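Protein sequences, first through last, are from chains A and B.
Position 104, counted from 1, in the first sequence is what the numbering used here calls 104; the numbers after and before it change by one each time, with no gaps.
Position 109, counted from 1, in the second sequence is what the numbering used here calls 360; the numbers after and before it change by one each time, with no gaps.
Backbone N, C-alpha and C define an ideal beta-carbon position, used for all residues, glycine too.
On a predicted model such as this, the values are computed, not experimentally measured, just so you know.
So the structure is just underneath, and the comments pick up after that.
Protein chains: 2
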Amino acid sequence: MNRKVSAITTEIFPSDMRTSLGRNLTYGMLDVIGRSIVIGEYDNVAFPTEAELARQHGVSRAVTREAVKMLTAKGLLSARPRQGTIVQPQSSWNLFDSDVLHWLLERKFSVELLRHFNQLRVAIEPEAAALAAMQATDAERAAIGAGLARMVAAEAGADNTLAADIAFHVAVLEGSRNPFYKQFREMVASALATSIHFTNRIKGRTASIEDHRAVYDAILARDSDSARCAMRRLISDVLILIGEAEVTAKP
Amino acid sequence: MNRKVSAITTEIFPSDMRTSLGRNLTYGMLDVIGRSIVIGEYDNVAFPTEAELARQHGVSRAVTREAVKMLTAKGLLSARPRQGTIVQPQSSWNLFDSDVLHWLLERKFSVELLRHFNQLRVAIEPEAAALAAMQATDAERAAIGAGLARMVAAEAGADNTLAADIAFHVAVLEGSRNPFYKQFREMVASALATSIHFTNRIKGRTASIEDHRAVYDAILARDSDSARCAMRRLISDVLILIGEAEVTAKP
DNA sequence: GTTCCTATATTTATCATATCTATCTGACTT
DNA sequence: AAGTCAGATAGATATGATAAATATAGGAAC
């Protein structure tokens with residue numbers, strides 16, 4: 001399943017956005033160690049020294065140090081002479097970093113993570129829709145419309161449902177004309193990619209095209225309040241589904 | 252003014268959270284180059300090669316590569332053999348990285364940036380307050396109350412107004428019990444640190460303790476809707492002030 | 001003239017080794 | 001008990017050599 005998610009997100013986003021493909025030794029090592037840390041492999045054991053890491057992975061210390069430095073930049077590690085390299089608490093991880101996000105999703109698929117994602121989406125996306133309604137350019141409005149059109153096409157089997165859904169939501173974020181909102185593209189894409197498989201399993205959720213159209217119409221009409229409400233309804237539905245799933249999954 | 256902001260944020264957050272103090276050559280270089288990129292120093296000129304960078308800064312290639320790798324991890328650079336190292340478009344910068352955030356604020360103080368900050372806050376914080384109302388622990392609720400108490404004390408000159416304000420808002424984020432929301436501590440702190448000086452200049456904005464108390468009371472009463480509204484009101488006020496400032500600043 | 005291939009130069013990537021610097025530990029001094 | 005010093009440890013830095021990737025130009029084939 002992770003493979004599939006990864007395949008779809010790379011369809012949406014150019015591969016350049018993923019820094020950590022096994023392009024070379026440094027990035028390969030970054031990926032391996034990053035994943036290990038996120039899994040929790042070093043939770044109760046001391047993190048190896050630089051020299052030991054290099055030996056374990058069969059690479060030079062230079063490569064090791066570069067990988068460690070990148071993980072430090074992402075908030076997973078910190079290094080000091082004599083003290084050694086230590087794993088940072090999860091609270092200081094850069095959760096909006098695409099690598100960290102991918103490692104988290106690969107780790108173990110948890111409903112809790114999905115809920116956290118969508119608790120964030122329900123804050124971000126309605127407001128993004130409201131901003132888009134007020135200040136999106138014509139081209140950006142057109143992109144949102146194109147996303148909706150793709151969803152309609154997907155309904156008829158002429159497009160990928162997930163990709164279309166992502167395209168719509170990303171277009172709304174872009175329409176906000178706020179660089180901070182745009183940062184959430186990856187997160188929203190990941191959330192949708194994981195939740196679509198999940199919610200389909202819970203309930204035969206028909207892709208709610210009408211709800212999406214309501215958002216689009218409000219944005220087109222420059223009605224920011226309606227846009228906010230429509231988007232909020234859309235994501236609240238997902239949150240409710242997740243909540244139900246958690247309750248039924250407990251016993 | 253940047254110095255002051257930095258001093259206050261380091262009062263709030265332990266220095267460990269700031270990765271890029273001039274602790275050593277690598278971090279010093281990271282800071283210098285990162286700032287240069289954000290300023291736009293390389294916008295129309297080719298970024299130097301690894302060897303050239305090392306020469307310019309008087310350090311070894313190893314140090315240079317480590318600094319470049321960290322900037323790559325933060326989304327500011329990308330490097331490929333033969334092509335060289337190139338500055339990435341701003342859209343791929345990791346805006347929630349604390350270093351990037353600091354460089355952005357140091358750059359030039361722009362009202363636009365402040366507006367973008369608060370457009371994000373108006374999405375995040377009301378929802379965080381709503382979540383906190385529903386699921387914050389007793390200790391977390393107490394922390395929010397402590398933040399409010401500090402604001403009251405600051406009113407009487409017994410505490411720092413800004414630090415108290417930040418403590419309150421950060422406590423609400425912590426109360427959300429969602430790791431993604433907690434990531435915004437730095438952003439909110441930076442936004443408050445810059446906006447407090449700014450809004451004071453625009454208007455004799457008395458620290459709106461009553462508005463903050465309304466948020467706290469709602470959270471304590473586990474009334475998520477009221478908490479959301481109260482927090483939204485709080486931040487909307489700031490957004491309006493910024494909007495007015497932009498209009499008057501235009502001509 | 002256009003397309004395709006290939007040689008070459010350039011730049012990052014990697015390795016190996018030596019040395020420096022920070023800092024924890026414990027012994028020694030006062 | 002407090003302060004000082006020496007040793008040990010782990011990251012930090014420097015250097016020089018080599019490998020791998022790839023943009024570009026020049027030439028071959030059509």
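CB-CB length for residue i against residue j, believed under 8 Å
i, j, result
"glutamate 378 of chain B", "valine 122 of chain A", "7 Å"
"leucine 148 of chain A", "histidine 212 of chain A", "6 Å"
"valine 38 of chain A", "glutamate 50 of chain A", "Actually they are not in contact, since the Cβ atoms of valine 38 of chain A and glutamate 50 of chain A sit about 20 Å apart, beyond 8 Å."
"leucine 105 of chain A", "valine 59 of chain A", "Not a contact, Cβ separation roughly 26 Å."
"alanine 62 of chain A", "alanine 313 of chain B", "6 Å"
Residue i vs residue j beta-carbon contact at 7 Å
i, j, result
"valine 238 of chain A", "asparagine 160 of chain A", "no"
"valine 170 of chain A", "isoleucine 144 of chain A", "no"
"threonine 85 of chain A", "leucine 77 of chain A", "yes"
"alanine 266 of chain A", "isoleucine 166 of chain A", "The structure shown does not extend to residue 266 of chain A, since chain A is modelled only from 1 to 251, so the question has no answer here."
"leucine 234 of chain A", "phenylalanine 431 of chain B", "no"
"alanine 164 of chain A", "alanine 227 of chain A", "no"
"glutamine 307 of chain B", "leucine 95 of chain A", "no"
Alpha-carbon to alpha-carbon, residue j and residue i
i, j, result
"isoleucine 124 of chain A", "alanine 465 of chain B", "23 Å"
"serine 92 of chain A", "alanine 158 of chain A", "43 Å"
"asparagine 429 of chain B", "methionine 438 of chain B", "16 Å"
"cysteine 480 of chain B", "isoleucine 240 of chain A", "21 Å"
"leucine 476 of chain B", "methionine 482 of chain B", "Per the sequence shown, residue 476 of chain B should be read as aspartate rather than leucine. Looking at the two C-alpha atoms, the distance is approximately 10 Å."
"alanine 387 of chain B", "tyrosine 467 of chain B", "12 Å"
"histidine 102 of chain A", "aspartate 31 of chain A", "10 Å"
"methionine 280 of chain B", "glutamate 317 of chain B", "9 Å"
"methionine 1 of chain A", "alanine 393 of chain B", "Confidence in methionine 1 of chain A is poor, its pLDDT being 34 and thus under 50, which makes the residue's placement too unreliable to answer from."
"glycine 204 of chain A", "glutamate 155 of chain A", "The predicted position of glycine 204 of chain A is uncertain, since its pLDDT is 42 and thus under 50; a value taken from the coordinates is nonetheless stated next. Each residue's Cα considered, the two are about 14 Å apart."
"alanine 153 of chain A", "alanine 146 of chain A", "10 Å"
"aspartate 138 of chain A", "proline 340 of chain B", "23 Å"
"threonine 323 of chain B", "glycine 291 of chain B", "16 Å"
"alanine 221 of chain A", "lysine 108 of chain A", "42 Å"
"leucine 304 of chain B", "arginine 274 of chain B", "19 Å"
"phenylalanine 419 of chain B", "serine 427 of chain B", "13 Å"
"alanine 330 of chain B", "arginine 185 of chain A", "23 Å"
"methionine 70 of chain A", "asparagine 44 of chain A", "23 Å"
"arginine 401 of chain B", "arginine 82 of chain A", "39 Å"
"tyrosine 278 of chain B", "alanine 469 of chain B", "44 Å"
Contact set for residue i: own chain, Cβ-Cβ below 8 Å, skip 5 residues either direction
i, result
"aspartate 282 of chain A", "Residue 282 of chain A lies beyond the stretch modelled for chain A, which goes from 1 to 251, so this question has no answer here."
"tyrosine 293 of chain B", "Ser287 and Val338"
"valine 487 of chain B", "Note that residue 487 of chain B is serine in the sequence shown here, rather than valine. Cβ within range, chain order: Val373."
Cut-off 7 Å between Cβ atoms - residues of its own chain near residue i, not counting five sequence neighbours on either side
i, result
"isoleucine 242 of chain A", "Val111, Leu114, Arg115 and Asn118"
"phenylalanine 449 of chain B", "Leu365"
"leucine 413 of chain B", "Ile259, Leu443, Ala444 and Ile447"
"glutamate 425 of chain B", "Glu391, Ala394 and Lys433"
Sequence-distant residues of its chain with Cβ nearer than 6 Å to residue i (five each side left out)
i, result
"aspartate 348 of chain B", "Lys325"
"phenylalanine 47 of chain A", "Thr85, Ile86 and Val87"
- Message: Counting only Cβ-Cβ distances shorter than 7 Å, please list the residues of the segment 46-67 of chain A near chain B, keeping chain order.
- Response: Per Cβ criterion, the list reads Ala62, Arg65 and Glu66.
- What residues in the segment 349-375 of chain B bring their beta carbon closer than 7 Å to a beta carbon of chain A? His367, Gln370, Leu371, Val373, Ala374 and Ile375
- Message: Along the segment 84-95 of chain A, where does the CB come closer than 8 Å to a CB of chain B? Name the residues.
- Response: For the segment 84-95 of chain A, the beta-carbon criterion of a distance under 8 Å to any beta-carbon of chain B is satisfied by Gln90, Ser91, Ser92, Asn94 and Leu95.
- In chain order, what residues of the segment 124-147 of chain A put their CB closer than 7 Å to some CB of chain B? Ile124, Glu127 and Leu131
- Mind listing which residues of the segment 474-487 of chain B have their C-beta closer than 9 Å to chain A's C-betas, in chain order? none
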